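FYI, the numbering used here numbers position 85 of the sequence shown as 186, with every residue one higher than the one before it.
Cβ coordinates follow ideal geometry from the N, Cα and C atoms, glycine included.
Quick caveat, the model's predicted, so the values are computed rather than measured.
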Amino acid sequence: MRFQTKTVHAGVDKDTAYNSVVTPIYQTSTFRFEEVGKTKGYDYTRTLNPTRKALEESIAALEGGAGAKAVSTGMAASMTALHFLHAGDHIICTNDCYGGTERILRTYAELFNFQVTYVNMTDLQAVRAELRPNTKAVWIETPSNPLLNIVDIEALTKIAHEHGALAFADNTFLSPYNQHPFEFGVDIIIHSTTKYLNGHSDVVGGAIVAKTQEHADRLQYLVNAIGVSQAPFDSWLVLRGIKTLVPRMKAHEENARAVAEFLNENKSVRRVFYPGLPSHPGHELAKRQQTGFGGMVSFEVEGNIEKTKKILGSTKIFALAESLGGIESLICHPATMTHGSMNPELREKAGINERIIRLSVGIEDKNDLIEDLEQALL
Numbered sequence: 102m103r104f105q106t107k108t109v110h111a112g113v114d115k116d117t118a119y120n121s122v123v124t125p126i127y128q129t130s131t132f133r134f135e136e137v138g139k140t141k142g143y144d145y146t147r148t149l150n151p152t153r154k155a156l157e158e159s160i161a162a163l164e165g166g167a168g169a170k171a172v173s174t175g176m177a178a179s180m181t182a183l184h185f186l187h188a189g190d191h192i193i194c195t196n197d198c199y200g201g202t203e204r205i206l207r208t209y210a211e212l213f214n215f216q217v218t219y220v221n222m223t224d225l226q227a228v229r230a231e232l233r234p235n236t237k238a239v240w241i242e243t244p245s246n247p248l249l250n251i252v253d254i255e256a257l258t259k260i261a262h263e264h265g266a267l268a269f270a271d272n273t274f275l276s277p278y279n280q281h282p283f284e285f286g287v288d289i290i291i292h293s294t295t296k297y298l299n300g301h302s303d304v305v306g307g308a309i310v311a312k313t314q315e316h317a318d319r320l321q322y323l324v325n326a327i328g329v330s331q332a333p334f335d336s337w338l339v340l341r342g343i344k345t346l347v348p349r350m351k352a353h354e355e356n357a358r359a360v361a362e363f364l365n366e367n368k369s370v371r372r373v374f375y376p377g378l379p380s381h382p383g384h385e386l387a388k389r390q391q392t393g394f395g396g397m398v399s400f401e402v403e404g405n406i407e408k409t410k411k412i413l414g415s416t417k418i419f420a421l422a423e424s425l426g427g428i429e430s431l432i433c434h435p436a437t438m439t440h441g442s443m444n445p446e447l448r449e450k451a452g453i454n455e456r457i458i459r460l461s462v463g464i465e466d467k468n469d470l471i472e473d474l475e476q477a478l479l
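As structure tokens, this is what we get:
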């Protein structure tokens, strides 16, 4: 099946009793045994659930992986991925990662003596320079949050594998529609399914996808052992959202491109961060490793924090809120919101200053979105 057909059909045929076209919600904690030692494949929902299994099969099919696990949140997905490592291991992470990623890595450094080095991953030599004997993972986020920097997935994965380390990639910003990290050698893909995969801002969830069956089996063990499985109803909501992933992503990108081009010409804007603009330093790389540029746009205000606050408080359609990837447009101040928990020194070094504004561009009429930003920027 081609990609769009997979979004509609992959993993959904679970009702053998009544042949329902839509996957049922198996809202149960417990399944009856046929006899001692014999089930119909399910015994307890933390371990396996048919609704969640349908979602996992769908995401694995879209990413081209051997298996996937759906978990309670995006951060639960990151946490589970870290359990592929051991106490004392060293991780190289992109320096402009999501604030929650830095927080969980800092927490694991405190609890389990993980060693974490943050590097500008657009500089491959800088990445190589940070390799240590105990480096066991390279954590890739591209485009990055919120600066939308583009890094070379294939090159970074090669560096990791040459050193015997795993390559993790957070694919939340683009979704499987616009980027396929497994094609560039990545071992584990992470998603906050709250975002584009669900797309309707009505559920919180995460997913981890494994390239190999060995890693997929380990994922099954870890998710069951840690107890972070996604609930059946939440799984059903994400599965429903995936069915419209393709038309939504097309609409997001069309609007984001228009918004970025408008901002690029506005005198109140110092810089625009959108890989779809030819002026973006990662534009050509993005064209090579992505099938589209996505719906996220960030920009730096020409002015001080008071000017920035005025813009954030003046939009009528763009809601001042965290999160992203829903059909409605959001405006966000990363320094105090999504990256507020990040180490301030690391945040500033990465370039996430107080004048940066992040937009999650929805699927409203693009002219309304531009007019909303235009009046806010006056």
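query: Where the alpha helix (DSSP H) through Q321 begins and ends; result: Q314 to I327
query: Supposed close pair G396, S461 - CB separation, criterion 8 Å; result: 7 Å
query: Candidates I464, G404 and N120, of which the one nearest P348 by Cα; result: I464
query: Test item: CB-CB of I406 and F419 under 9 Å; result: no
query: Beta-ladder partner(s) of D271, from DSSP; result: E242 and I291
query: Residues that Q216 bridges to, as DSSP identifies them; result: H191
query: Alpha carbon of L248 to alpha carbon of E135, nearest angstrom; result: 54 Å
query: Whether Q331 touches S130 by CB criterion (9 Å); result: no
query: Residue span of the beta strand (DSSP E) that contains F400, given as start and end; result: M397 to V402
query: Spatial neighbours of A282 in its chain, beta-carbon cut-off 7 Å, leaving aside the 5 residues before and after; result: Note that residue 282 corresponds to Pro in the displayed sequence, not to Ala. Excluding sequence neighbours, P282 sits near I254, A270, N272 and I290.
query: Reduced DSSP secondary structure (H/G/I, E/B, other) of T131; result: strand
query: Opening and closing residue of the alpha helix (DSSP H) in which V347 lies; result: L346 to N365
query: Straight-line gap, T124 to K107 (C-alpha atoms, nearest Å); result: 15 Å
query: Per-residue burial, M350 [other beta carbons within 10 Å of its own, 16 or more giving buried]; result: buried
query: Same chain only: Cβ atoms within 6 Å of P435, ignoring 5 sequence neighbours per side; result: P247, I453, I457 and R459
query: Alpha carbon of L447 to alpha carbon of L323, nearest angstrom; result: 31 Å
query: CA-to-CA distance, L478 to K154, given in whole angstroms; result: 46 Å
query: Alpha carbon of I160 to alpha carbon of K368, nearest angstrom; result: 42 Å
query: Status (buried if at least 16 other CB within 10 Å, exposed otherwise) for A111; result: buried
query: Nearest candidate by alpha-carbon position, reference A361, set V373, H353 and A352; result: V373
query: Supposed contact pair P151 and Y143 - C-beta distance, whole angstroms, cut 8 Å; result: 7 Å
query: Selected residue, minimal CA-CA separation from D303, among E429, I260 and G138; result: E429
query: Whether L186 touches L267 by CB criterion (9 Å); result: yes
query: Nearest candidate by alpha-carbon position, reference Q216, set H191, G201 and C198; result: H191
query: Start-to-end residues for the alpha helix (DSSP H) that takes in V339; result: P333 to I343
query: Local conformation of G201 per DSSP, three classes; result: helix
query: Meets three-Cβ-pair contact criterion under 8 Å: the segment 206–221 and the segment 326–345; result: no
query: Environment of Q79 [buried if 16+ CB atoms lie within 10 Å]; result: Outside the shown range of the chain, which is 102 to 479, sits residue 79, and nothing can be said about it.
query: Residue(s) in a DSSP beta bridge with F185; result: According to DSSP, F185 bridges with nothing at all.
query: Inter-residue Cα distance where the pair is T294 and G175; result: 7 Å
query: Element boundaries [alpha helix (DSSP H), containing A227]; result: L225 to A230
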